[in-house]
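Here's the structure, in structure tokens; my notes come after.
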Amino acid sequence: MPEKVSPHGEGYDAVFDYGDRTGYEPISDTDRKEFHEQGFLLLRNVLTEDHRAALEAAVDRVYAEEQAKGTTKKDGTLHLLGFLERDELFGELLTHPIAFPYMWGLAGWNIYTHHNHLDVTPPAAEPEKPYWGWHQDGYRQNSDPETMDPNLPRPMFSLKVAYVLSDLSETGRGATKVIPGSHLWNSLDRPKDLSVHNPDPEGTVEITANPGDAFIFDRRQWHSRSTNLSTITRKMLFVGYTYRWIRPLDELHPDVNGEWYRNRTPVQRQLIGEGTHTANYWGINWDGYVDDEIPLRKELKERGLLDRNIPWLR
Numbered sequence: 069m070p071e072k073v074s075p076h077g078e079g080y081d082a083v084f085d086y087g088d089r090t091g092y093e094p095i096s097d098t099d100r101k102e103f104h105e106q107g108f109l110l111l112r113n114v115l116t117e118d119h120r121a122a123l124e125a126a127v128d129r130v131y132a133e134e135q136a137k138g139t140t141k142k143d144g145t146l147h148l149l150g151f152l153e154r155d156e157l158f159g160e161l162l163t164h165p166i167a168f169p170y171m172w173g174l175a176g177w178n179i180y181t182h183h184n185h186l187d188v189t190p191p192a193a194e195p196e197k198p199y200w201g202w203h204q205d206g207y208r209q210n211s212d213p214e215t216m217d218p219n220l221p222r223p224m225f226s227l228k229v230a231y232v233l234s235d236l237s238e239t240g241r242g243a244t245k246v247i248p249g250s251h252l253w254n255s256l257d258r259p260k261d262l263s264v265h266n267p268d269p270e271g272t273v274e275i276t277a278n279p280g281d282a283f284i285f286d287r288r289q290w291h292s293r294s295t296n297l298s299t300i301t302r303k304m305l306f307v308g309y310t311y312r313w314i315r316p317l318d319e320l321h322p323d324v325n326g327e328w329y330r331n332r333t334p335v336q337r338q339l340i341g342e343g344t345h346t347a348n349y350w351g352i353n354w355d356g357y358v359d360d361e362i363p364l365r366k367e368l369k370e371r372g373l374l375d376r377n378i379p380w381l382r
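With this note's numbering as the guide, the letters of the sequence shown map in order to residues 69 to 382.
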């Protein structure tokens, strides 16, 4: 077997064995159906163990740097936005060979990362005060495109992939809670008294996952954090993808002359926000026709992966 080499040249040495996976394998109709019905998908064994361990080491380094700067919270938690530029390994996650097909397979080729965060949640030192954490992502996306028909769901607009680096295989370790199918609800009943502990909504599921697993969720999915009642520190990486005609929530500011930027492929540069002109973000040239040079569209077209039966892959 030929020796594996990095596609990014000098300065990038980490290559993990994902066999023949390229990141351009179509997702199954079964997975697409489950995602559209449930609003999320749990994917097992997405990261190889050496890749997971390397990512955890990078997270630990970033955590130590933020702790030294005093940016972690008093309880030791860290919610770091726009983390991708902090390590070469993070940049590579943009086109992870197993997770990336779900991003373009569910949202299409005119996408980029608008929002990404690194989360470290140590064990809770004391019981938390009552809180109600249930929400949908998207802020004004949950009101500006609202309809007066409560049975007509709002558009998805974005989705996230969450990489699990620590052992969340049991409940009580701070994992994300979701209500399957709730991405089709425009509202969720809120308890009248938030000064007391309230039970989770009916149908709540805590996403228990093993180190190296990942889950994908529709931004409309009603979800909540949970308290880490264990002795294990929860470590997660979230990478969100949305359409290029939507503004970023947390911006990246890569040094275009630096090594991290030089190591990015054309598709990855699209995914960190690069474009040739404003109309290009809408998927077209100034003549009004689709721009076939948009890197992800070009890649999918060359591989025969565009599909006129799927609107976002036309």
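Yeah, the Cβ is synthetic: ideal placement off N, Cα and C, and Gly gets one too.
Distance from the Cα of L109 is smallest, within the candidate group D128, E117 and R100, for R100. When Q336, H291, G249 and D355 are compared, the shortest CA-CA separation from Y180 is found for Q336. Straight-line measurement puts the Cα of A347 at about 38 angstroms from the Cα of K303. Residue burial annotation: V264 is exposed, with fewer than 16 other C-beta atoms found within 10 angstroms of its C-beta. Between Y311 and P322, the CB-CB gap reaches or exceeds 7 angstroms. Setting aside the 5 residues that flank it on each side, T276 is surrounded in the same chain by L236, S237, E238, T239 and A243, each with a C-beta closer than 7 angstroms to its C-beta; the list follows chain order.
If you look at K142, you'll find it isn't in any alpha helix (DSSP H); DSSP assigns it neither H nor E. For T98, there is no enclosing beta strand (DSSP E); the enclosing alpha helix (DSSP H) has its first and last residue at D97 to Q106. Excluding its 5 nearest sequence neighbours in each direction, P334 has C-beta neighbours in its own chain below 7 angstroms: P363, listed in chain order. Here G150 is not near L305, since their CB atoms are 7 angstroms or more apart. Between H251 and Q289, the CB-CB gap stays under 7 angstroms.
Apart from sequence neighbours up to five positions away, the residues of its chain that approach P198 with a beta-carbon distance below 8 angstroms are L262, S263, V264, H265 and N266, ordered along the chain. In the three-state reduction of the DSSP assignment, F225 falls in the coil class. The three-state secondary structure of K197, taken from DSSP, is coil. Comparing alpha-carbon positions, the option among L220, D268 and Y231 lying closest to G201 turns out to be D268.
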